[in-house]
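Okay, structure first, notes after.
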Amino acid sequence: MPPKQRRSFEDLLAEGVAVPTEGWDFSWFEGRATEERPSWGYAVSLAGRLGGATAALDLQTGGGEVLDFALGRAAKTPALTVATEGWAPNVAKAAALLRPRGTVVVAAPEDAALPFADAGFDLVSSRHPVTPNWPEIARVLEPGGTYFAQHVGPRSVFELVEYFLGPLPPEQSAARHPDRERADAEAAGLEIVDLRTERLRIEFYDIAAVVHFLRKVIWMVPDFTVEAYEDRLRALHERIEAEGPFVAHSTRHLFDARKPRTGQGAHPGRIAPAHSQV
Numbered sequence: 001m002p003p004k005q006r007r008s009f010e011d012l013l014a015e016g017v018a019v020p021t022e023g024w025d026f027s028w029f030e031g032r033a034t035e036e037r038p039s040w041g042y043a044v045s046l047a048g049r050l051g052g053a054t055a056a057l058d059l060q061t062g063g064g065e066v067l068d069f070a071l072g073r074a075a076k077t078p079a080l081t082v083a084t085e086g087w088a089p090n091v092a093k094a095a096a097l098l099r100p101r102g103t104v105v106v107a108a109p110e111d112a113a114l115p116f117a118d119a120g121f122d123l124v125s126s127r128h129p130v131t132p133n134w135p136e137i138a139r140v141l142e143p144g145g146t147y148f149a150q151h152v153g154p155r156s157v158f159e160l161v162e163y164f165l166g167p168l169p170p171e172q173s174a175a176r177h178p179d180r181e182r183a184d185a186e187a188a189g190l191e192i193v194d195l196r197t198e199r200l201r202i203e204f205y206d207i208a209a210v211v212h213f214l215r216k217v218i219w220m221v222p223d224f225t226v227e228a229y230e231d232r233l234r235a236l237h238e239r240i241e242a243e244g245p246f247v248a249h250s251t252r253h254l255f256d257a258r259k260p261r262t263g264q265g266a267h268p269g270r271i272a273p274a275h276s277q278v
């Protein structure tokens, strides 16, 4: 077999810039980057939770890919399934993907109050929320309802972030810590049933994968453009070519929390959207 032909920095850079970034489909990275997956298998586990739910809400659903996967594998689907998303291109993508499954996609900013009635859902889920709004999650859960989610943990992919930005302050390194999130969830009135954490290996095999990743996960290097960081990108390209994959690590934690039962008999209305539905 002939040796694999090396591609130029300019060609790889152009490819990384050209790939669309909508949604949370990471299939383009196949052969370009790898990431270990948490042992708990979030999407499959979510399918099991959906099979036992009556009214489900998926927060910050991205392009709807994870929810679509889980709904497709659930033993039965909830009578009501709603998803929220704050970025317009993802709203349209999620709506097109999830509408055939009877899921309502609601355009809702990530930092705003949820546009739903109190105690409207027995399951709230989220995969990699930017910032979980614990008081709102607790408000829309019915007593006895569950919040089931996979969060990004502290210092996730920081090897790559600090390659571009330099050492980050300790307070930024401590962000997203599971102990802090546990305390915030409990302060909002939720009980933690299970909280697991794992540190996982990531490898980037070429600079196109790095560029696409930083364009897609925009909060990693917030001011990232190829123009602003061309020198660092070129140096990293040369390092990968000489030494092999750039290695980083992600951190993930699995939240399983419950809203305590209050013993109140009346059940409020299920859902009252206040934002546009797509």
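Each residue of the sequence shown is one higher than the last, beginning at 1 in the UniProt record's numbering.
By construction, the Cβ of each residue, glycine as well, lies at the ideal position given by its N, Cα and C atoms.
Fair warning: this is a prediction, and the values are worked out from it, not measured in the lab.
For Ala117, three-class secondary structure by DSSP: coil
Specify, as a first and last residue, the run of the beta strand (DSSP E) that Val130 falls within. Unbroken run through Val130: none, as it is neither H nor E.
Return helix, strand or coil for Gln150, following the three-state DSSP convention. strand
Is Glu35 helix, strand or coil when you go by DSSP? strand
Measure the C-alpha to C-alpha separation of Gly16 and Val217 and round it to an integer number of angstroms. 13 angstroms
Please report the distance separating the alpha-carbon of Val104 from that of Pro170. 40 angstroms
Taking Glu181 as the reference, give the member of Asp206, Pro129, Val226, Val211 with the closest Cα. Pro129
Would you identify the three-state DSSP class for Ala83, choosing helix, strand or coil? strand
Would you decide whether Leu168 is buried or exposed? Buried here means 16 or more other CB atoms lie within 10 Å of its CB. exposed
Residue burial classification, Asp122 (beta-carbon count within 10 angstroms, cutoff 16): buried
With a 10 Å radius around its C-beta and 16 neighbouring C-beta atoms as the bar for buried, classify Gln210 as buried or exposed. In the sequence on display, residue 210 carries Val and not Gln. So Val210 ends up on the buried side.
Rounded to the nearest angstrom, what separates Arg199 and Ala112 at their Cα positions? 30 angstroms
For Glu191, which residues from the same chain have a beta carbon less than 8 angstroms from its beta carbon, with the 5 sequence-adjacent residues on both sides left out? Ala257, Arg258, Lys259, Pro260
Endpoints, the beta strand (DSSP E) within which Ser250 is located: 246 to 258
Between the beta-carbon of Gly62 and the beta-carbon of Glu85, is there less than 8 angstroms? yes
Indicate whether the contact test is met: 3 or more Cβ pairs, each with one atom in the segment 42 to 52 and one in the segment 228 to 238, closer than 8 angstroms. no
Leaving out five residues before and five after Arg6 in sequence, what residues of the same chain have Cβ atoms less than 8 angstroms from its Cβ? Glu241
Nearest to Val152 (by Cα), restricted to the options Leu195, Asp231, Leu97, Ala208: Leu195
Separation of Val221 from Tyr229, as counted between CA atoms: 10 angstroms
Just reading off the beta strand (DSSP E) that Val104 is part of, what are its end residues? 104 to 107
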